[in-house]
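Enquirer: One point on numbering: in the UniProt record's numbering, the residue at position 136 of the sequence shown is 136, and numbering is uninterrupted. Here it is, the structure, as structure tokens.
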Amino acid sequence: MASPKLIAAGVVLVIAAVVGSMCVFTVRQDQQALVLQFGNPVHAVSEPGLHFKLPIQNVEYYERRILELDPPVQQVLLSDQKRVNVDSFARWRIIDPLTFRQRATNSANFVQLFGQRLNSVIRGELAQAPLVSMLSDNRAQIMEKIQATLVEPAKEFGVELIDVRIGRTDLPQETSQAVYNRMRSSRVAEAAQLRAEGEELKAKIQAEADRERIGIIAEANRQAEVLRGEGDGQRNVILGKAYGKDAEFFEFYRSLEAYKTALSNGSTMVLSPDSEFFQYFNKSAPNTSR
């Protein structure tokens, strides 16, 4: 049998091992710890590794990593009285576990409390912005202003606010339809105005073209009359010279012109055969024989 001394030594070693295990704890690199005694915080441990505590003390662990806060989508009324559905989120990190436990107790409670404050600040900021600001570069400025407003309230919870973002901004269905109808009406009115301006420009171009056409035709007619007059003058000169040389031939030529004018249009004429009009038809051919 083992001696009582050995048994006692074994018991002491077991008790020492149990007590020793109750006096040490390990903090991982992605954790930070808070040592509690009878439920009251004693001190925080942020360094990873092996640490010591009293057996009557216990340890609560908190994340060192960056966490996300994603509150429910909320409907916000903008400054131009348009309603939008805003889906926002924030990234945060616990920097003071003691303050975090005192103010928020745990992460779930913090998400609920701070999520309400985040939505409240977003409603206040967006109430001063029109819809066009949410669709332009001003969106980034609005998010920066929201984050700046929430930095100090986050520190009250022992939290560092890393970033705030507005993920999506959607119009409610009824608002989307109303905006679409207004945009469509605006485009229809703009198209009608452009069409009217085009018709006006078309009428101006046509009027200018008509004026130029009339001017060109008038100038062409003038030149034609001038050329025709010059031609008639030259013809009269030639005919005058021909009349001076052979009067009978001139009379014959004039009669041919009269026949051409009178008979070319298909008219029917009833004249006496011995009429002066047909004097050259009644003359017999000249006798050339000797």
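Backbone N, C-alpha and C define an ideal beta-carbon position, used for all residues, glycine too.
To the nearest angstrom, how far is it from the Cα of L13 to the Cα of S3?
Expert: Whole-angstrom Cα-Cα distance: 16 Å.
Enquirer: Is the separation between the beta-carbon of I146 and that of I162 shorter than 7 Å?
Expert: In this structure, I162 does not lie closer than 7 Å to I146 by Cβ.
Enquirer: Taking Cβ to Cβ, would you say N85 is nearer than 7 Å to D170?
Expert: Yes.
Enquirer: So, are the CB atoms of P130 and D87 less than 7 Å apart?
Expert: Not a contact, by the Cβ cut-off of 7 Å.
Enquirer: Note the first and the last residue of the continuous beta strand (DSSP E) segment covering L161.
Expert: L161 -> beta strand (DSSP E) spans V159 to D170.
Enquirer: Count the other CB atoms, across all protein chains shown, that sit within 10 Å of the CB of R228; report buried if there are 16 or more and exposed otherwise.
Expert: So R228 counts as exposed.
Enquirer: Using the Cβ count rule (16 or more neighbours within 10 Å means buried), how would you classify V188?
Expert: The residue is exposed, with fewer than 16 neighbouring Cβ atoms inside 10 Å.
Enquirer: Using 7 Å as the threshold, is the C-beta distance between L98 and P41 below it?
Expert: The answer is yes: Cβ separation under 7 Å.
Enquirer: Over the uninterrupted alpha helix (DSSP H) stretch that includes R139, give me the two end residues.
Expert: Run containing R139: N138 to K155, per the alpha helix (DSSP H) assignment.
Enquirer: Smallest Cα separation from M143: which of F52, E219 and G124?
Expert: Minimum Cα distance to M143 is reached at G124.
Enquirer: Please name the residue, chosen from K53, N181 and R64, that lies closest to E160 on a Cα-to-Cα basis.
Expert: Checking every option, the nearest Cα to that of E160 belongs to R64.
Enquirer: Could you tell me which of A44, I166 and L113 sits nearest to A154, measuring between CA atoms?
Expert: Selected option, being the one with the closest Cα: L113.
Enquirer: If you follow the alpha helix (DSSP H) that L131 is part of, which residue opens it and which one closes it?
Expert: Its alpha helix (DSSP H) spans residues L131 to M134.
Enquirer: Could you spell out the range, first to last residue, of the alpha helix (DSSP H) harbouring R117?
Expert: Taken as a continuous stretch (DSSP letters only), the alpha helix (DSSP H) holding R117 covers S107 to L126.
Enquirer: Can you tell which of L78, K82 and V111 has the C-alpha that lies nearest to the C-alpha of I94?
Expert: I94 has its Cα closest to that of V111, out of L78, K82 and V111.
Enquirer: Where does G244 fall in DSSP's three states?
Expert: Note: G244 maps to helix in three-state DSSP.
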